[in-house]
Amino acid sequence: MGNDIKPLGKVLEEVLQMYRLKSKVNEVNLVNSWEEVVGPLIAKKTEKLWLKGKELHLVIGSAPLKQEIRYSKDQIIELIDAKFGKGYITDIVVH
């Protein structure tokens, strides 16, 4: 036995990768923080959100808000990057 001691965070990261759970954990983190990231108005009008790879999919109940989110995609991605790290998501798809 060698000196195979790893930090707990690294071990958890490897386990998540091994069992392909990382994307699900990312989705749960984003859902739980959605209001903090975008504010209460957008959060309240968001009927559903999920991740598909690095794409964030949103179901929005308001047509004007859908359009506003489409125009503000880059800003929302920047807010998500600031909270979770660069590259967390790469695109937003509004339904």
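All letters in the sequence shown, in the order written, are residues 3 to 97 by my numbering.
For each residue, glycine too, the CB sits at the ideal point set by N, CA and C.
Check your understanding: Apart from the five residues on each side of it in sequence, which residues of its chain come closer than 7 Å, Cβ to Cβ, to Lys-68?
Key -> Ile-62, Val-96
Review point. So, are the CB atoms of Ile-82 and Lys-56 less than 8 Å apart?
Key: no
Point to revise | Neighbour-count burial assignment, Val-40, 16 or more Cβ in a 10 Å radius | key: buried
Exercise for review: With a cut-off of 8 Å on the beta carbons, I'd call Glu-37 and Leu-53 a contact; round off their distance for me.
Suggested key: Not confirmed; about 17 Å, so no contact.
Check your understanding: By the 10 Å Cβ neighbour count, where 16 or more other Cβ atoms means buried, how is Ile-71 classified, buried or exposed?
Key -> buried
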